[in-house]
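Residue 1255 is where the sequence shown starts when you use the numbering used here, and the numbers rise one by one after that.
Here is the structure we will look at.
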Amino acid sequence: MERVDLIIRARYVITMSNPMVIEDGAVAVDNGLIKAVGKASEVLSQYRGEEVIDRGRHILMPGLIDAHTHTQQVLLRSFINDERLALPPIWVKLLIPFEDLLTDDLARLSSLVSVAAMAKNGITYFIEAGAPRPRELIKAINEVGVRGVVTPSTFNIRSDEVIDAEEVVHKTEELLPEVGDRVRVWCSIRQIMMVTEDLLLKLKDLCLSKGLGITYHLGEYQGEVDHALTRYGARPLEVFDRLGLTSIRPTVIAHAVYLSNRERAIVRDRGLGIAWCPTVDSLVMGQHWLPMLDDVLFGFGSDGGAFTSLDILHEVKVARTVGKALTVGLTYDKSSFNSVTMLRALTGWGGLLVGDNVGVINEGFKADLITLRLDDVRALPIYDPVESVVSLLNGHSVNDVIVGGRFVVRDGGLIGVNEVELIEKLYDVIPEVHGKLGNMA
Ligand SMILES: [Zn+2]
1255 MERVDLIIRA
1265 RYVITMSNPM
1275 VIEDGAVAVD
1285 NGLIKAVGKA
1295 SEVLSQYRGE
1305 EVIDRGRHIL
1315 MPGLIDAHTH
1325 TQQVLLRSFI
1335 NDERLALPPI
1345 WVKLLIPFED
1355 LLTDDLARLS
1365 SLVSVAAMAK
1375 NGITYFIEAG
1385 APRPRELIKA
1395 INEVGVRGVV
1405 TPSTFNIRSD
1415 EVIDAEEVVH
1425 KTEELLPEVG
1435 DRVRVWCSIR
1445 QIMMVTEDLL
1455 LKLKDLCLSK
1465 GLGITYHLGE
1475 YQGEVDHALT
1485 RYGARPLEVF
1495 DRLGLTSIRP
1505 TVIAHAVYLS
1515 NRERAIVRDR
1525 GLGIAWCPTV
1535 DSLVMGQHWL
1545 PMLDDVLFGF
1555 GSDGGAFTSL
1565 DILHEVKVAR
1575 TVGKALTVGL
1585 TYDKSSFNSV
1595 TMLRALTGWG
1605 GLLVGDNVGV
1615 INEGFKADLI
1625 TLRLDDVRAL
1635 PIYDPVESVV
1645 SLLNGHSVND
1655 VIVGGRFVVR
1665 DGGLIGVNEV
1675 ELIEKLYDVI
1685 PEVHGKLGNM
1695 A
């Protein structure tokens, strides 16, 4: 028998491949990669695991991806009430000014709380939209042990002040030595309204010359569309396309709610990814067009912990509800925007969304895996595990999180971080943060 590092047996294995579900399945993991998957009897007869764990009442599936988050906004939790939600727009009036107030220590704590919460919710891979203090985020990723795309907050127009584009691009360049197995570095763009054309072109050159991905906020605000039409004579994504930014792979566009037909054609033709944030997009921007099309690469985003509990299994339920509300309301088609599509969005379409070898349980893919408990009256019975994940289970169902073959969460508890101490630290800084917030909005 061949020796492997780890074998996990589970009642159901959702492979995101063919067959989609294996009942009484097992996965063999070696050297951080998936070595074999199949019926438990087959895997256990061919491989001897250094460690063998039996999750008899669990689903085992690929780790989840949060395609759009802000790890350094989590200390705003419960501060954003209805009046603040209506600020015109909230990111200019509250979110970016809040980021300005962060010290290194607060940014570090915020990153750690966000990344730890994501890990507990089964998120093994996330895309940061632009951290004001990215080095603090890198420390948190290494401490918790998940994978993350790190981008520095990137803009060079603020009020009437213009910052040198070279200086801004350097903030991404200087992070490149930090790239490793867990940490990826991409470029980001805060908003077309906050960048010069010169900066856009320099970011494009950096991505193309170093093979970096890019993520940007776009189509999130009507003022932004008017701004682009006034300044460039074209809508935001048409501008990016004209400047060549749409040739960057991977590209993940956050929100993309207000896209014209021509912009949507650019998304499809260029194979760009969209990070739909079901809760925040619904609250702040309205209905998303995405559920009407079935040929778009997309993932789900939390948009950060300021608004949500960073639970992407909760986001998928919001997506299913508001998505069906649109398709049923307009076409009376209740079967479209189906659960398998939503599971693909949760796991990143076999790695296509993030340009990495994740999201499928098949030989050679990275061993980023989660188990979900099926021992709870709130989620039983179970006939079809795909429907259970999409309709019933949530972050509290996550039992184990394994990244690159190593446990990050085991039996619901974080391995790399002391959660009790983290909560104590959080309570200690609440008065300081609340004081800063009091002076803001
Ligand atoms: Zn965002």
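Glycine included, every Cβ here is placed at the ideal spot set by N, Cα and C.
As the structure is a computational prediction, the values presented were derived from the model and not from experiment.
By a beta-carbon distance limit of 8 Å, GLY1602 contacts TYR1379. Their separation comes to about 7 Å. The beta carbon of ASP1557 sits closer than 7 Å to at least one heavy atom of ligand 1. Judged by beta-carbon spacing, PRO1490 lies within the 8 Å limit of ILE1446, meaning their Cβ atoms are closer than that value. Judged by DSSP secondary structure, HIS1688 falls within the alpha helix (DSSP H) whose first and last residues are 1673-1692.
For ligand 1, a non-hydrogen atom lies closer than 7 Å to the CB of ALA1383. The beta carbon of LYS1458 sits closer than 7 Å to the beta carbons of LEU1497, GLY1498, LEU1499 and ILE1502 from its chain, once the five residues preceding and following it are set aside; these are given in chain order. Here ILE1319 is near GLY1553, since their CB atoms are less than 8 Å apart. If one requires a minimum length of 3 residues, no beta strand (DSSP E) run lies completely within the region 1330-1366. About 7 Å separates the beta carbon of GLY1317 from that of VAL1657, a gap short enough to meet the 8 Å contact definition. Per DSSP, the beta bridge partners of LEU1626 are ILE1313 and VAL1652. DSSP places TYR1266 in the strand class (E or B) of the three-state scheme.
Put simply, the backbone Cα of TYR1486 is about 50 Å away from that of ASN1285. Its chain contains GLU1382, ALA1385, PRO1388, LEU1391, ILE1392, ILE1395, LEU1429, GLU1432, VAL1437, ARG1438, VAL1439 and TRP1440 as the residues whose beta carbon lies nearer than 8 Å to that of VAL1404, once the 5 sequence neighbours on both sides are disregarded; these appear in chain order. Rounded to whole angstroms, the separation of the alpha carbons of VAL1479 and GLU1451 is 16 Å. Straight across, the Cα-Cα distance linking PRO1342 with GLN1541 is about 19 Å. Just measuring C-alpha positions, the residue of ILE1677, LEU1668 and GLU1420 sitting nearest GLY1399 is LEU1668. In terms of Cα proximity to ASP1336, the closest of LEU1676, GLY1613, ALA1529 and VAL1538 is VAL1538. Around THR1581, the same chain offers PRO1545, MET1546, ASP1587, SER1590 and PHE1591 as residues with beta carbons nearer than 7 Å, after the five sequence neighbours per side are excluded.
Residue pairing from DSSP places VAL1275 in a beta bridge opposite ILE1268. Listed in chain order, the alpha helix (DSSP H) elements of length 4 or more contained wholly in the region 1426-1514 are 1451-1464, 1476-1486 and 1490-1496. For LYS1578, the three-state secondary structure derived from DSSP is helix.
The beta-carbon distance between THR1408 and GLY1467, rounded to whole angstroms, is 13 Å. This is too long to meet the 8 Å contact definition. Not one heavy atom of ligand 1 lies closer than 7 Å to the C-beta of ALA1560. Looking at the backbone, the Cα of SER1645 and that of LYS1571 are separated by about 6 Å.
Relative to the non-hydrogen atoms of ligand 1, the Cβ of HIS1542 never comes closer than 7 Å to any of them. Shortest Cα-Cα distance from ASP1414 to any of VAL1422, VAL1449 and HIS1424 involves VAL1449.
Proximity to ILE1334 across TYR1637, ILE1636 and PHE1561 peaks at PHE1561, based on C-alpha coordinates. Nearest Cα to GLY1465 within the set GLU1427, ALA1371 and HIS1324: GLU1427. Annotated three-state conformation of THR1408 is coil, per DSSP.
Taking non-hydrogen atoms of ligand 1 into account, the C-beta of ALA1508 is found less than 7 Å away from one of them. Between VAL1367 and LEU1676 the beta-carbon gap is near 7 Å, inside 8 Å, which marks them as a contact. Note: LEU1287 is bridge-paired with ASP1284 and LYS1620 in the DSSP secondary-structure output. Cβ-Cβ distances below 8 Å link MET1694 to LEU1348, PRO1351, PHE1352 and LEU1355 in the same chain, with the five nearest sequence neighbours on each side left out; the list follows chain order.
Our two residues, ASN1616 and VAL1346, have alpha carbons roughly 44 Å apart in a direct line. Less than 8 Å separates the beta-carbon of THR1325 from that of GLY1558. Taking a 10 Å sphere around the C-beta of GLN1476, we find fewer than 16 other C-beta atoms and assign the residue as exposed.
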